[in-house]
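Data first, discussion second: the structure below is written as structure tokens.
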Amino acid sequence: MTLLCRVSSVALCSLTRPHRLQKQIFLSAKICTAKNEFRRNRSTEAEYKANQWKWGATAAGALLGLGSILVFDTQKRKVTQAESKEEAVPSNPFPQYTREDVKKHTNPTDRIWVTYSGEVFDITDFVELHPGGKRILLAAGGALEPFWALYGVHKSEHVMEILQEYKVGVLIHDDTEEPQDLSDPYSGDPSRHPILKINSQKPFNAEPPPELLTENFITPNELFFKRNHLPVPNINPDEFQLIVDRPPGLKQGKPLKLSLKDLKTKYPRHEVTVTLQCAGNRRSEMNAIKQVKGLEWGTAAISTARWVGVRLRDVLLDAGYTEDVSGTQHVQFEGLDQDITGTKYGASISFKRAMSKDHEVLLAFEMNGEELPKDHGYPLRVIVPGVVGARNVKWLGRIIVSEEESLSHWQQNDYKGFNPNVDWDTVDFSSSPAIQDLPVQSAITEPCPGQTITPDHDGKVTIKGYAWSGGGREIVRVDVSMDGGKTWTVADLTGEQKEGLKWAWKLWSLEAVVPIEAKEITIICKAVDSGYNVQPDTVAPIWNLRGVLNNAWHRVRVTVGEDH
Ligand code: HEM
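Converting from the sequence shown to the numbering used here requires adding 1 to each position, the first position being numbered 1.
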């Protein structure tokens, strides 16, 4: 009966959008047919016979639906969506689940569950019917939202109607209300999407599948790489205060204290689209040369978002600092995340950068149109465009202007580059500057290493990737080689048009010719930025003991399908 209802309701909805009618009936019929096919394969002969009447009813329902459209259409009778929704309201409330409960359902044996807008759906029986194919399984055990942000085709009523058929529960309002294990400082960490590849659970560090990065210029929040150094702090937004130290002698040394409301109302709002990259992005390629210390990042410790907040310079001016940037001063950021000894995360940038209008350093409270997610610094973080992720301090609690850089371990000892021959016995951390601007970078996201590629009838395949450079330098070219670096073709770039310095990546793609009769090929990409900086061709000469700053040419070895 549910199928019958769906066919009818899809048909009824089509009344308001006659141009979609054909498509919806086709899809509905396709889904019904495929669903029956699917059931037939799984059921016994007896079940099949017992179910036959249902499929008959479905077919009748489809005809009925079509009939009603024609009748209704000629009579111009208005059927509101509200009416059809009313019929679907369940009499019993649905059971409640946590996100962790949902995560347990990722395969047909345990059933495949997903969430959307606070509701839980068992989509096991829909997987085979999905017009977009097996890709639907990327969402298994997690939220649909980030994928539907990438594939806009789902923003339609008929998709919602299909989804509602599979509803099995609702999400418990806020997972953080669950009791926390006081012996585990990470027990208050938020729930994360199961699609992320976890490089460490505590602290949480994870990256999305690289191929999802190039599906959209903006990375959905759930898929944005997560780089935490400590447990995620639980901050009450009503009690939150940003402490900004004042210049010596001003207001008896009393700091400027700003609530979230102050920050949102006292200063002009500013929006900036920024790509953030972890210094350890592509570290695993350094490990292949010689073991380094650090998390095994692949190529996806990089993502892009639209950040909204206020300019750091406006806050510093309000605290009493002036435009005079001639001294060698630094602006230190202290996070509210801390270890068991009470040591807080910290980092710093130059005062000159902080005060520069062109550099657009932001105190951000929104990410891609939503308030900052917990993993990304809720309620306030720093965004330093063009600069290594580590200086973009999350859960910002305090700002200090000082003669010296932040004394934190992450400024003084971590995130520094060294000569390839420096090892843990000889390293002198004070001999290298802290990384700020990152070098030019690019990577291939499609195809994946080891994949078998199948060229089309022109002998071509689509190659995709990203390219970005630090310091506001724009990517001006990406070269792709299909023969291990002997010949190169320029890829097509897409990005955002913006005046001034460039903070966001360019996505690139190329319909590339696969060398004739090749069985295995190495695809390579390399980018050029507006300073004509290029990437080094191999990893070995830039290897360093912490495995940071790997921007060598990116190579992907693939097998060519037999038909070629
Ligand atoms: C239960 C969840 C889902 C439902 C009910 C659903 C439903 C649909 C429907 C009805 C269409 C056809 C839309 C049209 O042409 O008007 C579609 C297309 C598509 N879906 Fe989904 N979808 C779901 C989840 C996903 C997920 C998680 C992904 C990706 C990770 C995805 C990727 C796609 C793609 C790429 C297409 C376009 C296929 C094409 O045009 O060739 N879908 N989906």
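We treat Cβ as the ideally placed atom computed from N, Cα and C, and that holds for glycine.
Just so we're clear, the structure is a prediction, and the values are computed from it rather than from any experiment.
Cβ contact annotation for serine 407 (same chain, cutoff 6 angstroms, sequence separation greater than five): Gln333, Gly347, Ala348 and Ser349, in chain order. For leucine 397, the enclosing beta strand (DSSP E) begins and ends at 397-403. By the neighbour-count criterion, in which 16 or more other beta carbons inside 10 Å mark a residue as buried, arginine 136 falls on the exposed side. DSSP, reduced to helix, strand and coil, places arginine 382 within a strand of the structure shown. Scanning its chain for C-beta atoms nearer than 6 angstroms, with the 5 sequence neighbours on each side dropped, one finds around alanine 492 the residues Val479, Val481, Trp509 and Leu511, in chain order. A buried status is given to proline 186, since no fewer than 16 other beta-carbon atoms sit within 10 Å of its beta-carbon. Contact between leucine 337 and histidine 271 is ruled out by a C-beta separation of about 23 angstroms, above the 8 angstroms threshold.
For threonine 305, DSSP records a beta bridge to Thr276. For the ligand HEM, no non-hydrogen atom lies closer than 7 angstroms to the CB of arginine 112. Under the Cβ criterion (8 angstroms, minimum of three pairs), the region 395-404 does not count as touching the region 419-427.
For histidine 331, the enclosing beta strand (DSSP E) begins and ends at 331-339.
By the rule of a C-beta closer than 5 angstroms to any heavy atom of the ligand HEM, the residues picked out are Ile124, Pro132, Gly133, Arg136, Ile137, Leu139, Ala140, Phe148, Tyr152, Val154, Val160, Ile163 and Leu164. Annotated three-state conformation of asparagine 108 is strand, per DSSP. Distance between aspartate 123 and leucine 313, taken at the CA atoms: about 46 angstroms. Lys104 is the residue among Asp438, Lys104 and Glu405 whose C-alpha sits nearest the C-alpha of serine 192. Leucine 381 is classed as buried because its beta carbon has at least 16 other beta carbons within 10 Å across all chains shown.
As DSSP reads the structure, aspartate 480 sits in a beta bridge with Val491 and Lys527. Under the three-state reduction of DSSP, tryptophan 469 is assigned to strand. Its chain contains Gly387, Val388, Gly471 and Gly472 as the residues whose beta carbon lies nearer than 7 angstroms to that of aspartate 438, once the 5 sequence neighbours on both sides are disregarded; these appear in chain order.
Taking a cut-off of 8 angstroms for Cβ pairs, the region 298-307 and the region 200-210 touch, as three or more such pairs fall below it. When DSSP reads this structure, serine 443 sits in a beta bridge with Ala468. In the displayed model, arginine 193 falls within coil according to three-state DSSP, outside both helix and strand.
Sequence-distant Cβ neighbours of leucine 151 in its own chain, meaning closer than 6 angstroms and more than five residues away, are Glu216 and Asn217. In the DSSP annotation of this structure, the continuous segment of the alpha helix (DSSP H) that includes arginine 314 starts and ends at 313-320. About 7 angstroms separates the beta carbon of tryptophan 411 from that of histidine 230, a gap short enough to meet the 8 angstroms contact definition. Going by C-alpha positions, valine 561 is about 26 angstroms away from isoleucine 290. Around the Cβ of aspartate 376, a 10 Å sphere holds 16 or more other Cβ atoms; the residue is buried.
Nearest neighbour of glycine 119 by Cα position, chosen from Pro109, Pro204 and Tyr98, turns out to be Tyr98.
For asparagine 237, the number of other beta carbons within 10 angstroms of its own is below 16, and it is reported as exposed.
Here isoleucine 436 is buried: its Cβ has 16 or more other Cβ atoms, across all protein chains shown, within 10 Å. In the DSSP assignment, no residue is bridged to threonine 427. Listed in chain order, the non-local C-beta contacts of isoleucine 445 below 7 angstroms within the same chain comprise Ile464, Gly466, Ile524, Cys526, His555 and Val557, local neighbours out to five positions each way being set aside. With respect to isoleucine 384, tryptophan 308 sits close: the two C-beta atoms are nearer than 8 angstroms. Annotated three-state conformation of tryptophan 506 is coil, per DSSP. Given a length threshold of 4 residues, each whole run of the alpha helix (DSSP H) inside the region 201-253 is given here in chain order: 211-214.
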